[in-house]
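In the numbering used here, the protein residues as written are 322 to 621.
By construction, the Cβ of each residue, glycine as well, lies at the ideal position given by its N, Cα and C atoms.
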Amino acid sequence: MTLPGYPFTSHFLTRAGLSQHYVDEGDGAPVLMLHGNPSWSYLWRRLIVALRTEHRCVAPDHIGMGLSDKPGEDRYAYTLASRVDDLDALTDHLIATEGAPERGWTVVMHDWGGPIGMAWASRHPERVARLVVLNTAAFPNPHGARVRPALRLPLWLLRETRVGARLFLRHHAFARLATLPPFGVRRRLPREVRDAFLAPDDGRGHRVAVRRFVGDIPIGPGDGAWPLLTRTGESLGEFADRPVLIGWGLRDPVFDPLMLTEWRRRFPAAEVHAFPDAGHYVLEDAYERLVPAIEAFLRR
322 MTLPGYPFTS HFLTRAGLSQ HYVDEGDGAP VLMLHGNPSW SYLWRRLIVA
372 LRTEHRCVAP DHIGMGLSDK PGEDRYAYTL ASRVDDLDAL TDHLIATEGA
422 PERGWTVVMH DWGGPIGMAW ASRHPERVAR LVVLNTAAFP NPHGARVRPA
472 LRLPLWLLRE TRVGARLFLR HHAFARLATL PPFGVRRRLP REVRDAFLAP
522 DDGRGHRVAV RRFVGDIPIG PGDGAWPLLT RTGESLGEFA DRPVLIGWGL
572 RDPVFDPLML TEWRRRFPAA EVHAFPDAGH YVLEDAYERL VPAIEAFLRR
(Lines of atoms letter the chains of each structure in order from A; the text may use other names.)
(Lines give C-alpha, C1' and ligand atoms only; values in the text may rest on other atoms or scores of the structure.)
Protein backbone atom coordinates (compact mmCIF):
# COMPACT_ATOMS: atom_id res chain seq x y z
CA MET A 322 0.00 0.00 0.00
CA THR A 323 1.57 3.30 -1.12
CA LEU A 324 0.72 6.21 1.18
CA PRO A 325 2.64 9.34 0.16
CA GLY A 326 3.21 11.78 3.01
CA TYR A 327 2.16 9.25 5.66
CA PRO A 328 5.43 8.02 7.24
CA PHE A 329 3.88 7.01 10.55
CA THR A 330 4.13 3.97 12.81
CA SER A 331 0.85 2.11 13.20
CA HIS A 332 -0.62 1.46 16.64
CA PHE A 333 -3.62 -0.68 17.49
CA LEU A 334 -6.04 -0.95 20.41
CA THR A 335 -8.03 -4.17 20.55
CA ARG A 336 -11.41 -3.99 22.26
CA ALA A 337 -14.30 -6.47 22.11
CA GLY A 338 -12.29 -8.45 19.57
CA LEU A 339 -11.87 -5.52 17.17
CA SER A 340 -8.62 -3.66 16.50
CA GLN A 341 -8.70 0.10 16.07
CA HIS A 342 -5.76 1.66 14.28
CA TYR A 343 -4.34 5.00 15.36
CA VAL A 344 -1.35 7.24 14.74
CA ASP A 345 0.54 8.41 17.84
CA GLU A 346 3.40 10.72 16.87
CA GLY A 347 5.48 13.25 18.79
CA ASP A 348 5.65 14.56 22.33
CA GLY A 349 4.00 17.39 24.18
CA ALA A 350 0.42 18.47 24.78
CA PRO A 351 -1.90 16.02 22.97
CA VAL A 352 -3.75 16.94 19.79
CA LEU A 353 -6.60 14.53 19.01
CA MET A 354 -7.52 14.52 15.29
CA LEU A 355 -10.87 13.03 14.33
CA HIS A 356 -11.76 12.31 10.72
CA GLY A 357 -15.19 11.85 9.21
CA ASN A 358 -16.79 9.94 6.36
CA PRO A 359 -15.49 8.67 3.95
CA SER A 360 -11.91 9.59 4.95
CA TRP A 361 -9.41 8.20 7.46
CA SER A 362 -6.30 9.35 9.34
CA TYR A 363 -4.52 9.97 6.05
CA LEU A 364 -6.45 13.26 6.03
CA TRP A 365 -4.25 14.53 8.90
CA ARG A 366 -0.86 13.66 7.40
CA ARG A 367 0.34 17.23 6.82
CA LEU A 368 -0.92 18.49 10.18
CA ILE A 369 0.76 15.61 12.03
CA VAL A 370 4.11 16.27 10.32
CA ALA A 371 3.83 19.98 11.16
CA LEU A 372 2.86 19.53 14.81
CA ARG A 373 4.69 16.43 16.03
CA THR A 374 7.87 18.31 16.98
CA GLU A 375 5.93 20.19 19.68
CA HIS A 376 2.79 18.12 20.27
CA ARG A 377 1.67 14.55 20.68
CA CYS A 378 -0.56 13.89 17.65
CA VAL A 379 -3.18 11.16 18.02
CA ALA A 380 -5.29 10.30 14.97
CA PRO A 381 -7.53 7.22 15.12
CA ASP A 382 -9.25 5.47 12.25
CA HIS A 383 -12.87 4.80 13.11
CA ILE A 384 -13.81 1.12 13.16
CA GLY A 385 -14.57 -0.03 9.63
CA MET A 386 -12.36 2.65 8.08
CA GLY A 387 -8.70 3.27 7.34
CA LEU A 388 -6.43 0.60 8.79
CA SER A 389 -8.86 -0.42 11.55
CA ASP A 390 -10.78 -3.70 11.47
CA LYS A 391 -13.81 -3.78 9.19
CA PRO A 392 -16.41 -5.96 10.90
CA GLY A 393 -19.84 -6.87 9.61
CA GLU A 394 -22.93 -5.28 11.06
CA ASP A 395 -23.44 -8.35 13.24
CA ARG A 396 -20.24 -7.50 15.16
CA TYR A 397 -20.35 -3.71 15.42
CA ALA A 398 -23.16 -1.19 15.88
CA TYR A 399 -21.90 1.51 13.48
CA THR A 400 -23.68 4.30 15.39
CA LEU A 401 -22.63 7.70 16.68
CA ALA A 402 -22.80 6.36 20.24
CA SER A 403 -20.50 3.44 19.40
CA ARG A 404 -17.98 5.84 17.87
CA VAL A 405 -17.94 7.95 21.03
CA ASP A 406 -17.46 4.82 23.14
CA ASP A 407 -14.51 3.83 20.94
CA LEU A 408 -12.92 7.24 21.43
CA ASP A 409 -13.48 7.02 25.16
CA ALA A 410 -11.74 3.64 25.26
CA LEU A 411 -8.80 4.87 23.18
CA THR A 412 -8.16 8.03 25.18
CA ASP A 413 -8.56 6.16 28.49
CA HIS A 414 -5.99 3.64 27.23
CA LEU A 415 -3.54 6.39 26.25
CA ILE A 416 -3.94 8.10 29.63
CA ALA A 417 -3.81 4.95 31.74
CA THR A 418 -1.00 3.06 30.00
CA GLU A 419 0.72 5.22 27.38
CA GLY A 420 1.67 8.30 29.38
CA ALA A 421 -0.81 10.75 27.89
CA PRO A 422 -1.95 13.51 30.29
CA GLU A 423 -5.49 13.69 31.61
CA ARG A 424 -5.80 17.38 30.72
CA GLY A 425 -4.67 19.76 28.03
CA TRP A 426 -6.13 18.01 24.98
CA THR A 427 -6.81 19.89 21.75
CA VAL A 428 -9.61 18.32 19.72
CA VAL A 429 -9.40 18.76 15.94
CA MET A 430 -12.58 17.74 14.12
CA HIS A 431 -13.71 17.30 10.53
CA ASP A 432 -17.07 16.06 9.21
CA TRP A 433 -18.38 13.27 11.52
CA GLY A 434 -15.39 14.00 13.76
CA GLY A 435 -17.39 16.99 15.05
CA PRO A 436 -20.30 15.15 16.69
CA ILE A 437 -17.98 12.32 17.77
CA GLY A 438 -15.38 14.66 19.24
CA MET A 439 -17.78 17.04 20.94
CA ALA A 440 -19.88 14.20 22.38
CA TRP A 441 -16.64 12.81 23.84
CA ALA A 442 -15.64 16.27 25.06
CA SER A 443 -19.00 16.70 26.80
CA ARG A 444 -18.20 13.55 28.80
CA HIS A 445 -14.78 14.95 29.77
CA PRO A 446 -14.86 18.76 29.60
CA GLU A 447 -11.98 18.98 32.06
CA ARG A 448 -9.68 17.25 29.55
CA VAL A 449 -10.28 19.71 26.71
CA ALA A 450 -8.05 22.78 26.39
CA ARG A 451 -8.80 23.93 22.82
CA LEU A 452 -10.97 23.17 19.81
CA VAL A 453 -10.16 23.22 16.09
CA VAL A 454 -13.28 22.99 13.92
CA LEU A 455 -12.98 22.11 10.20
CA ASN A 456 -16.15 21.81 8.09
CA THR A 457 -18.25 19.91 10.56
CA ALA A 458 -21.24 20.28 12.87
CA ALA A 459 -21.96 19.22 16.45
CA PHE A 460 -25.55 20.49 16.68
CA PRO A 461 -28.82 19.90 14.81
CA ASN A 462 -28.85 21.17 11.25
CA PRO A 463 -29.52 24.95 11.27
CA HIS A 464 -31.45 24.41 8.03
CA GLY A 465 -33.95 22.35 10.01
CA ALA A 466 -35.27 19.15 8.47
CA ARG A 467 -34.50 20.40 4.96
CA VAL A 468 -31.86 18.08 3.52
CA ARG A 469 -29.03 19.77 1.66
CA PRO A 470 -29.20 19.06 -2.11
CA ALA A 471 -25.85 17.19 -2.06
CA LEU A 472 -27.27 14.69 0.44
CA ARG A 473 -30.74 14.11 -0.97
CA LEU A 474 -29.82 11.39 -3.45
CA PRO A 475 -27.45 9.33 -1.24
CA LEU A 476 -29.84 9.54 1.72
CA TRP A 477 -32.77 8.44 -0.42
CA LEU A 478 -30.79 5.61 -1.99
CA LEU A 479 -29.51 4.32 1.34
CA ARG A 480 -32.57 4.78 3.49
CA GLU A 481 -35.34 4.00 1.03
CA THR A 482 -33.99 1.53 -1.53
CA ARG A 483 -32.19 -1.81 -1.41
CA VAL A 484 -30.74 -1.23 -4.86
CA GLY A 485 -29.02 1.94 -3.67
CA ALA A 486 -27.36 0.14 -0.78
CA ARG A 487 -26.08 -2.60 -3.09
CA LEU A 488 -24.72 -0.05 -5.56
CA PHE A 489 -23.04 1.76 -2.68
CA LEU A 490 -21.24 -1.40 -1.63
CA ARG A 491 -20.33 -2.52 -5.14
CA HIS A 492 -18.94 0.71 -6.56
CA HIS A 493 -17.80 2.61 -3.45
CA ALA A 494 -19.23 5.68 -5.19
CA PHE A 495 -19.44 7.98 -2.17
CA ALA A 496 -15.73 7.67 -1.32
CA ARG A 497 -14.66 7.98 -4.94
CA LEU A 498 -16.71 11.12 -5.54
CA ALA A 499 -15.40 12.69 -2.31
CA THR A 500 -11.88 12.73 -3.78
CA LEU A 501 -12.97 14.52 -6.96
CA PRO A 502 -13.88 18.13 -7.72
CA PRO A 503 -16.36 19.65 -7.20
CA PHE A 504 -17.65 17.19 -4.58
CA GLY A 505 -15.08 16.88 -1.77
CA VAL A 506 -12.32 19.07 -3.16
CA ARG A 507 -12.12 22.09 -5.44
CA ARG A 508 -8.72 21.39 -6.96
CA ARG A 509 -7.80 18.02 -8.38
CA LEU A 510 -5.78 15.77 -6.09
CA PRO A 511 -2.62 14.11 -7.41
CA ARG A 512 -3.46 10.59 -8.51
CA GLU A 513 -1.26 9.01 -5.84
CA VAL A 514 -3.02 11.03 -3.08
CA ARG A 515 -6.46 10.10 -4.36
CA ASP A 516 -5.36 6.45 -4.48
CA ALA A 517 -4.12 6.72 -0.88
CA PHE A 518 -7.48 8.03 0.33
CA LEU A 519 -9.10 4.97 -1.26
CA ALA A 520 -6.32 2.48 -0.45
CA PRO A 521 -7.79 0.93 2.74
CA ASP A 522 -10.91 -0.19 0.88
CA ASP A 523 -11.03 -3.98 1.05
CA GLY A 524 -14.39 -4.36 -0.59
CA ARG A 525 -17.63 -4.75 1.32
CA GLY A 526 -16.20 -4.37 4.83
CA HIS A 527 -14.92 -0.87 4.32
CA ARG A 528 -17.99 0.13 2.36
CA VAL A 529 -20.35 -0.94 5.15
CA ALA A 530 -18.86 1.74 7.41
CA VAL A 531 -19.18 4.42 4.73
CA ARG A 532 -22.79 3.44 4.04
CA ARG A 533 -23.73 3.30 7.71
CA PHE A 534 -22.22 6.72 8.40
CA VAL A 535 -24.47 8.19 5.71
CA GLY A 536 -27.47 6.27 6.98
CA ASP A 537 -26.84 7.51 10.53
CA ILE A 538 -26.98 11.20 9.60
CA PRO A 539 -29.49 12.69 12.09
CA ILE A 540 -32.05 14.68 10.10
CA GLY A 541 -34.79 14.74 12.72
CA PRO A 542 -36.04 13.31 16.05
CA GLY A 543 -36.87 9.96 14.48
CA ASP A 544 -33.24 9.20 13.66
CA GLY A 545 -31.13 7.13 16.03
CA ALA A 546 -28.30 9.65 16.44
CA TRP A 547 -30.65 12.59 17.04
CA PRO A 548 -30.83 12.50 20.88
CA LEU A 549 -27.03 12.33 21.26
CA LEU A 550 -26.50 15.06 18.67
CA THR A 551 -29.04 17.28 20.43
CA ARG A 552 -27.40 16.76 23.83
CA THR A 553 -24.01 17.45 22.28
CA GLY A 554 -25.22 20.72 20.80
CA GLU A 555 -26.64 21.74 24.16
CA SER A 556 -23.27 21.04 25.81
CA LEU A 557 -21.25 23.40 23.59
CA GLY A 558 -21.72 26.26 26.03
CA GLU A 559 -19.45 24.42 28.47
CA PHE A 560 -16.54 25.21 26.14
CA ALA A 561 -17.23 28.91 25.63
CA ASP A 562 -14.12 29.80 27.64
CA ARG A 563 -11.76 27.64 25.53
CA PRO A 564 -9.74 28.97 22.60
CA VAL A 565 -11.37 27.91 19.32
CA LEU A 566 -10.05 28.01 15.76
CA ILE A 567 -12.43 27.49 12.86
CA GLY A 568 -11.01 26.60 9.44
CA TRP A 569 -13.70 26.48 6.78
CA GLY A 570 -13.89 25.70 3.09
CA LEU A 571 -16.71 27.90 1.80
CA ARG A 572 -17.31 25.74 -1.28
CA ASP A 573 -18.51 22.75 0.73
CA PRO A 574 -21.81 21.47 -0.74
CA VAL A 575 -22.98 20.02 2.60
CA PHE A 576 -21.37 22.04 5.41
CA ASP A 577 -22.31 25.38 3.91
CA PRO A 578 -21.78 28.95 5.22
CA LEU A 579 -24.89 28.71 7.43
CA MET A 580 -23.11 25.95 9.38
CA LEU A 581 -20.13 28.26 9.80
CA THR A 582 -22.46 31.02 10.98
CA GLU A 583 -23.84 28.69 13.63
CA TRP A 584 -20.35 27.86 14.91
CA ARG A 585 -19.55 31.58 15.07
CA ARG A 586 -22.75 32.20 16.99
CA ARG A 587 -21.81 29.51 19.49
CA PHE A 588 -18.19 30.71 19.77
CA PRO A 589 -18.16 34.45 18.96
CA ALA A 590 -14.53 34.83 20.11
CA ALA A 591 -13.27 32.07 17.77
CA GLU A 592 -10.40 32.70 15.39
CA VAL A 593 -11.92 32.10 11.95
CA HIS A 594 -10.13 31.28 8.69
CA ALA A 595 -12.61 30.99 5.83
CA PHE A 596 -11.36 29.97 2.39
CA PRO A 597 -13.54 30.90 -0.60
CA ASP A 598 -11.52 28.59 -2.89
CA ALA A 599 -11.74 25.48 -0.69
CA GLY A 600 -14.30 22.71 -0.45
CA HIS A 601 -15.18 20.02 2.10
CA TYR A 602 -11.64 18.65 2.42
CA VAL A 603 -10.32 22.03 3.49
CA LEU A 604 -7.01 20.47 4.57
CA GLU A 605 -6.45 19.39 0.96
CA ASP A 606 -7.56 22.57 -0.78
CA ALA A 607 -6.06 25.12 1.64
CA TYR A 608 -3.36 23.27 3.57
CA GLU A 609 -0.66 25.84 2.73
CA ARG A 610 -2.62 28.46 4.67
CA LEU A 611 -4.55 26.38 7.19
CA VAL A 612 -1.75 24.23 8.63
CA PRO A 613 0.42 27.27 9.58
CA ALA A 614 -2.65 28.95 11.08
CA ILE A 615 -3.28 25.92 13.30
CA GLU A 616 0.41 25.78 14.27
CA ALA A 617 0.33 29.44 15.34
CA PHE A 618 -2.94 28.96 17.21
CA LEU A 619 -1.53 26.08 19.23
CA ARG A 620 1.64 28.03 20.09
CA ARG A 621 -0.50 30.78 21.55
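{"query": "Between A599 and L571, which are expected to be in contact by the criterion C-beta below 8 Å, what is the C-beta distance as a whole number of angstroms?", "result": "7 Å"}
{"query": "Can you find the residues in the same chain that come closer than 8 Å, C-beta to C-beta, to L519, ignoring five residues on each side of it along the sequence?", "result": "H493, A496, R497, T500"}
{"query": "For D573, is the classification buried or exposed, using 16 other Cβ atoms within 10 angstroms of its Cβ as the cut-off for buried?", "result": "buried"}
{"query": "Distance, Cα to Cα, P381 vs T482?", "result": "32 Å"}
{"query": "What does DSSP give as the partner residue(s) for Y343 in the beta ladder?", "result": "H332, P381"}
{"query": "When the Cα atoms are used, what is the spatial distance from R558 to R587?", "result": "Residue identity differs from the one stated: residue 558 is Gly in this sequence, not Arg. One C-alpha to the other measures close to 7 Å."}
{"query": "Shortest alpha-carbon distance to V453 belongs to which of L566, T335, R585, A607?", "result": "L566"}
{"query": "Just grab the DSSP bridge partners of E592 for me.", "result": "L566"}
{"query": "If we count the other Cβ atoms within 10 Å of its Cβ and call it buried at 16 or more, is R366 buried or exposed?", "result": "buried"}
{"query": "Taking 8 Å as the CB-CB limit, is E394 close to chain D?", "result": "This model lacks chain D altogether; it includes just one protein chain."}
{"query": "Taking the C-alpha atoms as reference points, what is the distance between Y399 and F534?", "result": "7 Å"}
{"query": "At which residues does the alpha helix (DSSP H) containing M580 begin and terminate?", "result": "578-587"}
{"query": "A494 lies in the alpha helix (DSSP H); which residues open and close that run?", "result": "494-499"}
{"query": "Less than 6 Å between C-beta atoms, sequence neighbours within five positions excluded: which residues of the same chain meet that for L353?", "result": "V379, W426, V428"}
{"query": "Does the segment 337-347 come close enough to the segment 406-415 that 3 or more CB-CB pairs lie under 8 Å?", "result": "yes"}
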